[in-house]
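Residue numbers (the working numbering): 4 to 426.
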DNA sequence: CATCCACAGGAAGGACGGGGGT
DNA sequence: ACCCCCGTCCTTCCTGTGGATG
């Protein structure tokens, strides 16, 4: 009975794909296609001139060694170790800017922990920015504990109590990592954490230990004091990598990722410097190196030099902008379009007028100013627009709004949207 | 120095679409 | 069949405010 929906779900996908694929072949010229494909594939087969193992530069790659993080690794290991003999480890909070190795260290320690062969031990890793609602976090956690939870329909309380029963009945030693925990807190408060941190009795003889990972320290302020004392039993701060350290990390990785001699030292230096100038963000540095490799390969170069790094940096930015633009809802696009009409920037009132004019022309309902203001804040966060509150004294308070991306790119991407009749 | 503009941005809630348990 | 839950987008209503101006 319960399985009934499943075959239906599985049918769904193939039919959609089947319905689509002939359509795709029609779009491209059918005659030219085969030749192109073989060329692409052949190039791909022999073309890995530069890369030895590109995976080593992907964000999800977990290196066997994490240089400059021994101290943190040991500290985390020490906190978690009691789990191996069935006593609850302290909860743990990890702080540090992006790309300082928080996630990597945690995952590394967890994987080593699981190798110790304690069957009751379960380690769950959840990024609360990706599983970005309370329910989804719970559902994902449940899934790692083999609790079957529908992806919607149940109340939060119901899911929580099912999870707790599972931990209790199995006597499980559960360790839950909540990455980017500040997102969860700022959007949904600390209710879940409150439940989790005081589950104690309800799940005995099992236990639940929580590792929270956060990019900023201030998120603590939003926590209920009782949650804070429980969650912050242990704290660990990850300092940013220095440029020297980044250089060493990049050298390490490039030895795995590229064939010998492909990456020139100055390129590594520049890459480290560029990523280090923000705050030692290793993830960005590694990503930059990967894109540089792709750039070099596409251009048929034999070496990766500083020029490749610069190009990669531009390309990464360009891709990011295009991707962000494409995934925008229609209304957001219209607002952006309205912003782009003002070369020297504008303010909220003017922008709203211009925007309503655009919606009328496109035959859409205009959103309220409040909503537009909210969307503007989102666009600001995406780095597509710059919006800063300024005061013009008696003439009120408003936002100075300016487009900070290439208007030509904007125009090109927006033209792809069939819902937008741009003339 | 008080005033007052033109908004900012929080809170609450509603409509809607996804889906439960019993 | 019935009543419930959650997330997403919005709207409505609202209070708050920096600083040029009178």
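Beta carbons are placed, not taken as given, at the ideal position from N, Cα and C, and that holds for glycine.
Considering just the uninterrupted stretch of the beta strand (DSSP E) at residue i, what are its terminal residues?
| i | result |
| --- | --- |
| residue 403 | 400–406 |
| residue 392 | 388–394 |
| residue 98 | 95–99 |
According to DSSP, what are the bridge partners of residue i?
| i | result |
| --- | --- |
| residue 182 | 130 |
| residue 136 | Answer is none; residue 136 lacks a bridge partner. |
| residue 212 | 178 |
| residue 54 | 261 |
Taking Cβ to Cβ, would you say residue i is nearer than 9 Å to residue j?
| i | j | result |
| --- | --- | --- |
| residue 65 | residue 110 | yes |
| residue 167 | residue 202 | yes |
| residue 251 | residue 292 | no |
| residue 389 | residue 407 | yes |
| residue 265 | residue 53 | yes |
| residue 405 | residue 348 | yes |
| residue 411 | residue 402 | no |
| residue 130 | residue 182 | yes |
| residue 323 | residue 279 | no |
| residue 134 | residue 145 | no |
| residue 185 | residue 217 | yes |
| residue 273 | residue 309 | yes |
| residue 206 | residue 170 | yes |
| residue 70 | residue 198 | no |
| residue 108 | residue 79 | yes |
| residue 176 | residue 314 | no |
| residue 174 | residue 120 | no |
| residue 256 | residue 289 | yes |
| residue 154 | residue 139 | yes |
What is the residue span of the alpha helix (DSSP H) that residue i lies within?
| i | result |
| --- | --- |
| residue 63 | From DSSP, residue 63 is part of no alpha helix (DSSP H); its letter is neither H nor E. |
| residue 333 | 333–343 |
| residue 156 | Element bounds for residue 156: n/a, residue is neither H nor E. |
| residue 199 | 194–200 |
| residue 381 | 372–384 |
| residue 86 | No alpha helix (DSSP H) holds residue 86; DSSP gives it neither H nor E. |
| residue 414 | 410–418 |
| residue 330 | Unbroken run through residue 330: none, as it is neither H nor E. |
| residue 364 | 351–365 |
| residue 204 | 203–206 |
Looking at C-beta atoms only, is the number of pairs between the segment 331–343 and the segment 417–424 that lie closer than 8 Å three or more?
With contact defined as three or more Cβ pairs closer than 8 Å, the segment 331–343 and the segment 417–424 are in contact.
Stretch-stretch touch, CB-based, cutoff 8 Å, three pairs: the segment 217–224 with the segment 179–190
The segment 217–224 vs the segment 179–190: in contact.
Check whether the segment 275–294 and the segment 239–255 touch, using three or more Cβ-Cβ pairs below 8 Å as the test.
With three or more CB-CB distances shorter than 8 Å, the segment 275–294 counts as touching the segment 239–255.
Could you tell me which uninterrupted alpha helix (DSSP H) segments, each at least 4 residues in length, are contained entirely in the segment 216–247, listed from first to last along the chain?
228–234
Taking contact to mean 3 or more Cβ pairs, one atom from each stretch, closer than 8 Å, check whether the segment 73–86 and the segment 115–126 are in contact.
yes
Three Cβ pairs or more, each shorter than 8 Å: is that satisfied between the segment 354–365 and the segment 294–301?
no
Whole alpha helix (DSSP H) runs in the segment 99–128 with 4 or more residues, listed along the chain?
105–117
Given 8 Å, three or more beta-carbon pairs between the segment 88–105 and the segment 233–240
yes
So within the segment 255–319, which uninterrupted alpha helix (DSSP H) runs reach at least 4 residues, ignoring any that extend past its ends?
Qualifying alpha helix (DSSP H) stretches, in chain order: 268–281, 285–301.
Would you check if there are 3 or more beta carbon pairs closer than 8 Å linking the segment 155–166 to the segment 112–120?
no
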